[in-house]
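Below is one structure, written out as structure tokens, with a few remarks after it.
Chains as they are written, first to last, in the UniProt record's numbering: chain A, 1 to 252; chain B, 1 to 252.
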């Protein structure tokens, strides 16, 4: 399992990915799922992946080696894409190419061709953007109405995002809320686990402001987990008890 | 979709069920999923159901008409079961009987024989118990370590339960936390919706203390939803921003 979340707010982009992979509950390992490609002043591109690890790794390898442009026959990499939209299309082409090679074999073994990606970043001259790319190579883009995307085990960590994140949320508050969302997910699904890779990319900076791995023992993250649990526990205490039944005062 | 939660705390049992059914997003209806059978001073039994509505309704109809006891040939109903364990076994037998009749036809149409039930209550002379019954007719029972079960769309509403409910939680706090869990689920999954049926059964009372339907417009529930959203939004503000990146003070 995997959990990745990307948040695009007014001031910038946050991407967060766990690192746990499992082939069954008895075969757990640590793999980085957040890949960052950057050239200072020109572009910062980040890909977070979920799904079948062989598929997502092949997509990344193919993007590094180059995906053939069907019209020109040339090999293209992320470095050569002039816009985020063109770069997202290239990632989609890479996904479809891996499907062409590995998809039928996977299906023959009744395994699903399962991959989903978050693709965010900025190319000089364009705006900061965040896409979610599907197994068919198609993609959607974040808009201010719902300024985040999730891939993998998305349900446990969604309620906090639904309520606390807007496009105007401060960049480091977005990071914090993303980490709370990650914590909620890790608490309820053992298939999602630390360390946690994070990227903070400020709008128009064209270099990562933060590219960091949070280790499980890190005091800030332990403190966040403890405070959030406590906040959840105490939050419901502020709410009056239901005015039904025998032991409750009538006024609420 | 469906969401039902049952909480068994020291003082009693809470069961909560939504009422939305959908055959596709364009075919939504209201069906009661919480069935209560009680005879004052003798027994209170409650069944909450999720899964294929035709299956769960057939299980309930069969339990009302009587399930044949394979050893005696007699028809047995919930009214005649001397203990909660025997009653849970009877529900399991009803599930298997519906499987025998409808299972093969469903599978031929590539529909799953999909049903899961919460079964809670007390029979005079025995203790208050809560079971989760699977499509195979087998079941598990709540213990004080994890004093709740969920069926249906369980993920969105699990984080609050994981953190706020223990066996020693007050009975009406358990109801409140269950309603918060229901609210979290309804907010994130349109397939789960109001009105909401609730049962509160105090230990050894042998009659429902509360058997109630919360309508969507009810002031208490609207207030709970609003307060919980506000509490979630403000809870994260109490947590310091991450000590990473450029715009954050070094001390946390």
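All C-beta atoms, glycine included, are put in the ideal place defined by N, C-alpha and C.
It should be emphasised that the depicted structure is a prediction, and the values quoted were computed from it without experimental measurement.
Query	Result
Contacts around residue 53 of chain A, its chain only, beta-carbon distance under 8 angstroms, and the 5 residues preceding and following it disregarded	21 and 31
Helix, strand or coil at residue 221 of chain B [DSSP, three-state]	helix
Within-9 angstroms CB hit, residue 180 of chain A to chain C	Looking at the structure shown, chain C is missing, and the protein chains on hand are A and B.
Reduced DSSP secondary structure (H/G/I, E/B, other) of residue 143 of chain A	strand
Residue 40 of chain B, DSSP secondary structure in three states	coil
Cβ of residue 250 of chain A within 9 angstroms of any chain B Cβ	In this prediction, residue 250 of chain A scores a pLDDT of 42, lower than 50, which makes its location untrustworthy; the coordinate-derived value is nonetheless stated afterwards. Cβ-Cβ to chain B under 9 angstroms: no for residue 250 of chain A.
For residue 122 of chain A and residue 84 of chain A, the rounded distance between their alpha carbons	6 angstroms
Start-to-end residues for the alpha helix (DSSP H) that takes in residue 31 of chain A	Premise fails: residue 31 of chain A is in no alpha helix (DSSP H) and is neither H nor E.
Proximity below 9 angstroms, CB of residue 160 of chain A to CB of residue 180 of chain A	yes
Straight-line Cα distance separating residue 141 of chain B from residue 92 of chain B	13 angstroms
Own chain residues within Cβ distance below 6 angstroms of residue 29 of chain A, not counting five before or after	21
Contacting positions in the segment 142–174 of chain A - beta carbon closer than 7 angstroms to chain B	155, 156, 158, 159, 160, 162, 163, 164, 172 and 173
Residue 215 of chain A - DSSP class collapsed to helix/strand/coil	coil
Chain B contact for residue 44 of chain A (CB, 9 angstroms cutoff)	no
Minimum Cβ-Cβ distance from residue 118 of chain B to chain A less than 9 angstroms	no
Chain B contact residues for residue 9 of chain A, given Cβ-Cβ distances below 8 angstroms	Those within 8 angstroms of residue 9 of chain A in chain B number zero; the least Cβ separation is about 14 angstroms.
Endpoints, beta strand (DSSP E) assigned at residue 17 of chain A	12–17
Interface positions of the segment 209–240 of chain B facing chain A (Cβ-Cβ less than 9 angstroms), listed along the chain	209, 210, 212, 214, 219, 220, 221, 223, 224, 227, 228, 229, 230, 231, 232, 233, 234, 235, 236, 237, 238, 239 and 240
Assigned secondary structure, residue 119 of chain B (DSSP; H/G/I helix, E/B strand, else coil)	strand
Of the listed residues A/7, A/183 and A/127, nearest to residue 82 of chain A (C-alpha basis)	A/127
Short CB-CB distance (under 9 angstroms) between residue 247 of chain A and chain B	Confidence at residue 247 of chain A is low in this model, with a pLDDT of 49, below 50, so its placement is unreliable and the value that follows should be read with caution. For residue 247 of chain A, the answer is yes, since a Cβ of chain B falls inside 9 angstroms of its Cβ.
When B/218, B/234, B/243 and B/233 are compared against residue 242 of chain A, the one with the closest alpha-carbon	B/218
Three-way DSSP call (helix, strand, coil) for residue 6 of chain A in this model	strand
Beta-carbon proximity of residue 136 of chain A to residue 100 of chain A, cut-off 9 angstroms	no
Reference residue 130 of chain A, options A/68, A/10 and A/1, closest by Cα	A/10
Minimum Cβ-Cβ distance from residue 177 of chain A to chain B less than 9 angstroms	yes
Among B/113, B/13 and B/108, the one whose alpha carbon lies nearest that of residue 59 of chain B	B/113
Distance between residue 66 of chain B and residue 225 of chain B (C-alpha atoms, nearest Å)	41 angstroms
Anticipated Cβ contact below 8 angstroms, residue 78 of chain A with residue 90 of chain A, distance rounded	6 angstroms
Whole-number beta carbon distance between residue 191 of chain A and residue 1 of chain A, since they are thought to touch under 8 angstroms	3 angstroms
Beta-carbon gap between residue 193 of chain A and residue 19 of chain A smaller than 9 angstroms	yes
Closest Cα partner of residue 149 of chain A within the set A/173, A/169, A/172 and A/178	A/178
Minimum C-alpha distance to residue 38 of chain A - residue among A/233, A/236 and A/205	A/205
Range of the contiguous beta strand (DSSP E) that encloses residue 152 of chain B	148–152
Proximity of residue 268 of chain A and residue 212 of chain A at Cβ, strictly below 9 angstroms	The structure shown has nothing for residue 268 of chain A, since chain A only spans 1 to 252.
Spatial distance of residue 143 of chain B from residue 35 of chain A (CA atoms)	44 angstroms
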